[in-house]
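So the protein lines, in turn, are chains B and R.
Take any residue in the first sequence, count from 1 to its spot, add 526: that is its number in the numbering used here.
Take any residue in the second sequence, count from 1 to its spot, add 526: that is its number in the numbering used here.
Okay, structure first, notes after.
There are 2 protein chains.
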Amino acid sequence: MAREPKKILLLILDGVGDRPSKNGKTPLQAAKHPNIDSLARSGSSGIVDIISPGVPPGSDTSHLALLGYDPYQVYTGRGPFEAIGLGMDVRPGDIAFRCNFATVDRNMIIKDRRAGRIDSGTEALARTLNGMEIDGVRFYLKPGVEHRCALIMRGTGLSPDVSDVDPHVEGAHVLESQPRSSSARRTAALLNRFTGRSHEVLSVHKVNAMRRQKGLLEANAILARGAGVVPHLPSLRDRTGMRGLCIAGIPIIKGIGRLAGLDAPSVKGATGSMDTDLDAKFGAFVKKKAKYDFFLINVKGTDVCGHDGDFDGKVKFIERVDASLGKVSRSLSDVIFAITGDHSTPVTVRDHSGDPLPLCISGETVRRDGVSRFDEVSCARGGLGRIRGKDILPILMDLADRSEKFGA
Amino acid sequence: MAREPKKILLLILDGVGDRPSKNGKTPLQAAKHPNIDSLARSGSSGIVDIISPGVPPGSDTSHLALLGYDPYQVYTGRGPFEAIGLGMDVRPGDIAFRCNFATVDRNMIIKDRRAGRIDSGTEALARTLNGMEIDGVRFYLKPGVEHRCALIMRGTGLSPDVSDVDPHVEGAHVLESQPRSSSARRTAALLNRFTGRSHEVLSVHKVNAMRRQKGLLEANAILARGAGVVPHLPSLRDRTGMRGLCIAGIPIIKGIGRLAGLDAPSVKGATGSMDTDLDAKFGAFVKKKAKYDFFLINVKGTDVCGHDGDFDGKVKFIERVDASLGKVSRSLSDVIFAITGDHSTPVTVRDHSGDPLPLCISGETVRRDGVSRFDEVSCARGGLGRIRGKDILPILMDLADRSEKFGA
C-alpha cells in the first residue's frame, strides 16, 4: 500500500479478565482507568477467546496466539516452554524436558519424587551437570522452584519421541526412556546415559553430603518427563516484515518473544511482579519507537493479584497501568494501539479460566464503535464482536496498513 | 482447580428459534417468560449457530454439537441416527440403514417403493424379520411411520461402505448392494442375502395375505439405503469427567444421549409432545441433582408447534415451560444454567431453518451483561456474542470450574 505503514503497540495485561465478585463487578469494572477508556472511545472494542471458547490458556499458548501463531500447531508440549519459562537459552530443534530433583536408593528405586521438596542448593547441583556432553550431545539443566527443573538436549539427530524417565510414582524403579519411533533410539539412549551419569555426579555432591548430615533426603537423581522439541517458528519479520520488540519482566514471555524473532531485552525495573516499574516499561517503548515496528508489552501484576485472590490489589494495579499509560499518551497518537489480556485469572478462581478477554483497538484508522469503557461487559457490546486470539495480529497489521491482499 | 466444581443444566427448547410473523414478533418475543428473563438478567446472553451459519441442523446433528462433538466429524449418516430415532438399541460398530417396506413382483421389479404407504401391520411384519441371523451376523428391523423402517446389522468385520439396495425409482429391479471397498464385500453380500430372505418371508406373511384380499399393495420387500456405522463416541465422562443425565421424551435425543455415555431413563409423563409433563421433567433434574454433574433436558413442544405452523401454541408452550421452570428456581441457584434451542423451527417455515438460536447462561460465576429478556433479538445484543453450538459445552465447563488449562 502507498501510505506510510503505522507502528503497532499491543499491551497485554496478564490475567486481567475476571468474573463478577465484589458488588457483582469485575476488577476492570470497579477500577478507574480514564486513559484506557479514552483510547476505547477513539476505537473499537470486542471480546477475545485467546485459544477457543471456554478453554483456559496458559501464558505460553496465549502469547503464541497473540503473536499470530495457531497454538494448536506450534505448541510442542510443556518441556520446551518450561525451559523457556526458566529463562534458558533455547534453540529450535532442542529437545526439552520438565524434570524433578528426586531421591533414589542405590538400586535407582524412587524414595521421593521431589527430594523432600528441596528448597536450597539446587543451583549448585544443577551447575555441576549443566553443559555435560555425551557422545557429541550437550545437556543443559536449570532449576526452578523447589525440586523443579528443566533439561535441554542439544545436538544433531535428536527426537522428542521418547518416553519419560519419571515413573510418576514412588517405590518404582527409575524408568529406561524408550524410543517411540526408530528415529528416537539415540535420543532415548542418551537420556538414559544422562540419567545414570547425573545420579553418579549428584550422589557425591557436597550439597547432598550436607543434606545427609542434616537428615534430609538427597537430591540424587533427575527425573525427566514431557519431552518436546523447541519449535522452529517462522519469525515475525519473515511473516510480516515487522521488526518486533518484546517488553516483559518474566522469562516465559521474553523467551516466546525471542522464539518468534522479537528482540526481548531486559528492562531495568521490569520485575514481572507487583513492584514492576511500569514507567520504565512504557518508557522503553517510547525510546525504541523509531527502531521497531511492533511492540508487545506484558505487565504481570494483574495476573499475580488474580492468583492471590486479591480483588483490591488487581483494581489498584490496573489503575497504576492506566496512570503510567497516560504519561506516554502523546507517543500513542500515531500508532495502532491494542489492549487486552492473555487469559482471565479471576480472583475467585485464583487460576486461569477460559472466560473471554476484553479487547480495545484504537488509532486513526480504527472505526469508532461508541464503546467508552474498557471492561469485560462494555467491550462485549463493541464493534469487534467476539474473535480469536490469533486473529488479533492480522487485524492490527491491517489497521496499520501492513497487510497483504489475498487475491487480486 | 481447587474450587468445588458446579453442576450444569442445559435446557433445550426444541425448535424454539423463529422468524418474525405475528405483529412482526417471534413466539419468544410475544410470550411472557418472567422466570427465564430473570435468569437472563443474572447472566450473559448471545446467539448460537448450532452447526454453522445458515445451516439448518437436524435433531441428531444439533444434539451432537450441544454435547460438544464436532458434528462434521462424528455424524456417520442418516442410517444410524434413523435407527436411534426409532429407539433401537444401537451399539458402536453396528451398520445401520434407512429402509422402506416396498412392493415388488416375482422378478424383484419394484411396483411401489412405499407399499401403498402401508399404515398398519408393519409391526407384525418387522417382528418376523427382527433378529434374523445370516452367517453369524444379526439383523434387526424396526418400523417407523407408514412404510419407513430402520435396519441394523450387528457382527464382526462389517463395513458401511456398501451401496443402496433401493434403486430410488419404481419399475426398476431391486439392486444388488455393491461393496465400495474390498473390506465391505462380506457386508454387501450379507445385505443382499437379507434382502432375498426377507422377500421370501414377507411374501408368505399373513399381513400380506390380508392385504392381497383387500386389494392393497403387499409389503413384500425391504429396500435399504444410506448405510452408516454407529459411531464410537468418546463418552462425556471420558472427555470431561462428568456424569451426565439426559432427560428427554423422544427416542432420538435419548439415543444420542446414551451414545454419548449419558444415562437416559424414561421419565413418566415425558411424552416428547405438547402434552408432556414438564413438572415431571424438571422434577427429575431436582431428584437426580446429587447423582449427576451434567443435565440435558429437551422439551419438544416448541418444535411440534413450529412444524404445525401454530404461533399461539408455541407461545403457550413457552409460557408453560417458564412456569414449570419457576417452580424449581431454588434448585437452579447453585448451578450453571443454560437455555437455548437445537435449531429454529419457524412457524412460517414449518420445518427446521438455519436461523441462529438465542442462548442465555446464568450462574454465580457468569458475567452480567445487562440483557434482561430471552428472545432472538435481545440475546443478539448480549455479552456472549455469536458462537457455535459445539462451543457451548466448553464454555459451561469453564464457568463450572471444570475445564483444563491448555499450556502452563
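The C-beta atom is built at its ideal place from N, Cα and C for all residues, glycine as well.
* Going along chain R, which residues have a C-beta under 9 Å from B/ARG899? -> Here the premise fails: no neighbours, minimum Cβ distance about 13 Å.
* Asked: Going along chain R, which residues have a C-beta under 9 Å from B/PHE607?
  -> GLY933 and ALA934
* Whose CA, out of R/GLY752, R/GLU659 and R/ASP586, lies closest to the CA of R/SER703? -> R/GLY752
* With 16 other CB atoms within 10 Å as the buried threshold, where does R/TYR595 fall? -> So R/TYR595 ends up on the buried side.
* Asked: Rounded to a whole number of angstroms, what is the C-alpha to C-alpha distance between B/ALA715 and B/MET614?
  -> 24 Å
* Asked: To the nearest angstrom, how far is it from the Cα of R/ALA864 to the Cα of B/VAL897?
  -> 27 Å
* Where R/ASP848 sits in the DSSP three-state scheme -> helix
* Whole angstroms is fine: what's the gap from B/ASP713's alpha carbon to R/SER761's? => Position check: residue 713 of chain B holds Thr in this sequence, whereas Asp was assumed. B/THR713 and R/SER761: Cα-Cα distance of roughly 36 Å.
* Any C-beta of chain R under 8 Å from that of B/SER571 -> no
* Express the C-alpha separation of B/HIS699 and B/LEU742 in angstroms, rounding to a whole number. => 21 Å
* Asked: Between B/GLY880 and R/PRO531, what straight-line distance do the alpha-carbon atoms span, to the nearest angstrom?
  -> 14 Å
* When the Cα atoms are used, what is the spatial distance from R/GLY647 to R/PRO597? -> Each residue's CA atom was taken as its position, placing R/GLY647 and R/PRO597 some 36 Å apart.
* Asked: Taking DSSP as the reference, what is the three-state secondary structure of R/TYR598?
  -> helix
* Which stretch, first to last residue, makes up the beta strand (DSSP E) that contains B/PRO884? -> According to the DSSP assignment, B/PRO884 belongs to the beta strand (DSSP E) that extends over 883–888.
* Asked: B/ALA745 CB to nearest chain R CB: under 8 Å?
  -> Not one chain R Cβ lies under 8 Å of B/ALA745.
* Residue environment, B/PRO872, which counts as buried when at least 16 other CB atoms sit within 10 Å -> buried
* Is it a yes or a no for the stretch 731–747 of chain B touching the stretch 626–644 of chain B, going by three-plus beta-carbon pairs under 8 Å? -> Touching, per the Cβ criterion.
* Counting only beta-carbon atoms, is R/SER729 nearer than 8 Å to chain B? -> no
* Is the CB of R/THR891 under 8 Å away from at least one CB in chain B? -> yes
* Can you tell me whether DSSP reads B/MET527 as helix, strand or coil? -> Unreliable placement is indicated for B/MET527, whose pLDDT of 48 sits below 50; the coordinate value is still reported in the next sentence. Coil.
* On the premise that B/GLY572 lies in contact with B/VAL892, defined as a C-beta separation below 8 Å, what is that separation, rounded to the nearest angstrom? -> Between B/GLY572 and B/VAL892 the Cβ distance is about 12 Å, and since that is not below 8 Å, they are no contact.
* For B/PHE536, which option in B/LYS815, B/PHE843, B/PHE932 and B/GLU930 has the closest C-alpha, if you only look at C-alpha atoms? -> Residue 536 of chain B is actually Leu in this sequence, not Phe. The shortest Cα separation from B/LEU536 among B/LYS815, B/PHE843, B/PHE932 and B/GLU930 belongs to B/LYS815.
* To do: Quick one: grab the DSSP three-state call for R/ALA747.
  => strand
* What is the DSSP secondary structure of R/PRO872, reduced to helix, strand or coil? -> coil
* Asked: What is the rounded straight-line gap between the Cα of R/LEU539 and the Cα of R/GLY889?
  -> 19 Å
* Asked: Taking the continuous beta strand (DSSP E) assigned at R/LYS668, which residues delimit it?
  -> R/LYS668: member of the beta strand (DSSP E) spanning 663–669, first to last residue.
* Asked: Which stretch, first to last residue, makes up the alpha helix (DSSP H) that contains B/THR721?
  -> 711–729
* **is_contact[R/ASP829, chain B] using C-beta, thresh 8 Å** => no
* Which residues in the same chain have their Cβ closer than 7 Å to the Cβ of B/LEU851, if we skip the five residues on either side of it in sequence? -> The residues are ASN561, ILE562 and PHE808.
* Exposed or buried, what is B/ASP838 when buried is set at 16 or more other beta-carbons lying within 10 Å of its beta-carbon? -> exposed
* Measure the beta-carbon distance from B/LEU883 to B/ILE576 and round it to whole angstroms, keeping in mind my assumption that it falls under 8 Å. => 6 Å
* To do: Report the residues of the stretch 917–931 of chain R with a CB closer than 8 Å to any CB of chain B, ordered along the chain.
  => ASP917, LEU919, PRO920, ILE921, LEU922, MET923, ASP924, LEU925, ASP927, SER929, GLU930 and LYS931
* **Same chain only: Cβ atoms within 7 Å of R/MET527, ignoring 5 sequence neighbours per side** => With a pLDDT of 45 at R/MET527, under the threshold of 50, the modelled position of that residue is not reliable, and no figure is offered here.
* Does B/VAL695 come within less than 8 Å of chain R when only Cβ atoms are used? -> Taking Cβ atoms only, chain R never reaches closer than 8 Å to B/VAL695, which makes this a no.
* **DSSP state of B/ARG894 mapped onto helix, strand, coil** => coil
* Cβ-based neighbour list, B/VAL616, same chain, cut-off 8 Å, excluding 5 preceding and 5 following -> PRO606, ALA609, ILE610, ALA622, ILE678, VAL756, GLY781 and LEU785
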